[in-house]
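Visitor: Numbering (my numbering), first residue to last: 1257 to 1476.
If you scroll down you'll find the structure; I have some questions about it.
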Amino acid sequence: MPEIRKLLQGFQRFRVKSFEPNRELFNRLAMQGQTPRTLLIGCSDSRVDPAILTDSDPGEIFVVRNVANLVPPFETGGRYHGTSAALEFAVCNLKVHSVVILGHSHCGGISALLDGYGENDEGEGYIAPWVRIAAEARNEVLERWPDASREFKQRACERAGVRVSLRNLLTFPFVRQRVDAGELNVYGWYYDLENGELLQYDPEKDRFYDLYFGPAPAGT
1257 MPEIRKLLQG FQRFRVKSFE PNRELFNRLA MQGQTPRTLL IGCSDSRVDP AILTDSDPGE
1317 IFVVRNVANL VPPFETGGRY HGTSAALEFA VCNLKVHSVV ILGHSHCGGI SALLDGYGEN
1377 DEGEGYIAPW VRIAAEARNE VLERWPDASR EFKQRACERA GVRVSLRNLL TFPFVRQRVD
1437 AGELNVYGWY YDLENGELLQ YDPEKDRFYD LYFGPAPAGT
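Structure, rendered in structure tokens:
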């Protein structure tokens, strides 16, 4: 299988270019454990790798990836909570200092949400109920900009999804407690694939700002 062969060839290059020159770092991480200062919640999209985008070394960021970079609201129960478990581990055990939610343009999960994926299916599977975590984002965009282009709605919904996840993040008691104590910071980021731009959400002005060039266009 050529795709598996390509992965193995990539691992061989990793051994030569990354592991061997940094053997001391990897040995230290193995023996002393990890102490990342940042939890980054990103999308599963193959085009948006948080470690590559932030040029981070092994051990620097604790990464959680799921469809559409969503944070579900806090809840208790017997179901499986992969993202919530990772969040608890990072905040309570690793004691990270910051949590970043990283959204991005051309997100397939947000596109599914915007199109109402699975709404008319009897057996809707896993995607539809998951992306409906951000249903509030979809409703907001369709209400505010009913006549906007599909591309505009997509971008607006992607960014609104980041805001929804930020609000959900603060419903977790262990997150809220550390934020209120000044021990934890939370950030909402948005990566523009075409232009290589990174925006950050400003909750006071309810706007996304380019981290290098100031405010993003109106409506975003």
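We put the CB at the ideal spot given by N, CA and C, even for glycine.
From a predicted model like this one, the values you see are computed outputs, not experimental measurements.
Considering Q1456, what are the terminal residues of the beta strand (DSSP E) in which it resides?
Guide: Counted from its first residue, the sequence shown places residue 1456 at position 200. Note, Q1456: beta strand (DSSP E), E1453 to D1458.
Visitor: In terms of residues, what are the limits of the alpha helix (DSSP H) holding C1413?
Guide: Indexing the sequence shown from 1 puts residue 1413 at position 157. Run containing C1413: R1406 to L1425, per the alpha helix (DSSP H) assignment.
Visitor: Using beta-carbon positions only, say whether L1358 and F1318 come within less than 8 angstroms of one another.
Guide: Taking the sequence shown and counting its residues from 1, one reaches residue 1358 at position 102. Taking the sequence shown and counting its residues from 1, one reaches residue 1318 at position 62. No, these two residues do not count as a Cβ contact at 8 angstroms.
Visitor: Skipping 5 residues on each side, what residues in its chain have a beta carbon closer than 7 angstroms to that of E1392?
Guide: As a first step, residue 1392 is located in the sequence shown; it is residue number 136 there, counting from the start. Contacts found: V1420.
Visitor: Just the C-alpha distance for A1346 and H1353, rounded to the nearest angstrom, thanks.
Guide: Along the sequence shown, one-based indexing puts residue 1346 at 90. Along the sequence shown, one-based indexing puts residue 1353 at 97. The alpha-carbon atoms of A1346 and H1353 are separated by roughly 9 angstroms.
Visitor: Within 10 angstroms of its Cβ, does I1227 collect 16 or more other Cβ (buried), or is it exposed?
Guide: Only positions 1257 to 1476 of the chain appear in the structure, and residue 1227 is not among them; the question remains open.
Visitor: Start and end of the beta strand (DSSP E) containing I1389?
Guide: Here residue 1389 corresponds to residue number 133 of the sequence shown, with the count starting at 1. Neither: I1389 is in no beta strand (DSSP E) and is coded neither H nor E.
Visitor: Look at V1344 and F1430 and say whether their C-beta atoms are less than 8 angstroms apart.
Guide: Within the sequence shown, the letter at position 88 stands for residue 1344. Within the sequence shown, the letter at position 174 stands for residue 1430. This sequence places Glu at residue 1344; Val is not what is there. Yes, these two residues count as a Cβ contact at 8 angstroms.
Visitor: Cβ atoms of N1322 and T1339: under 8 angstroms apart, would you say?
Guide: One-based indexing of the sequence shown puts residue 1339 at position 83. One-based indexing of the sequence shown puts residue 1322 at position 66. Yes, they are a contact pair.
Visitor: How would you label P1258, buried or exposed, when you count the other beta carbons within 10 angstroms and need 16 or more for buried?
Guide: Translated into the one-based positions of the sequence shown, residue 1258 becomes position 2. It is exposed - the Cβ of P1258 has fewer than 16 other Cβ atoms within 10 Å.
Visitor: According to DSSP, G1333 sits in a beta bridge with which residue or residues?
Guide: To locate residue 1333, count along the sequence shown from 1; it is residue 77. DSSP lists no partner for G1333.
Visitor: Write down the C-beta distance between R1394 and L1370 rounded to the nearest angstrom, noting that I regard them as a contact closer than 8 angstroms.
Guide: For this step, residue 1394 is matched to residue 138 along the sequence shown. For this step, residue 1370 is matched to residue 114 along the sequence shown. Indeed they touch by this definition, with Cβ atoms about 6 angstroms apart.
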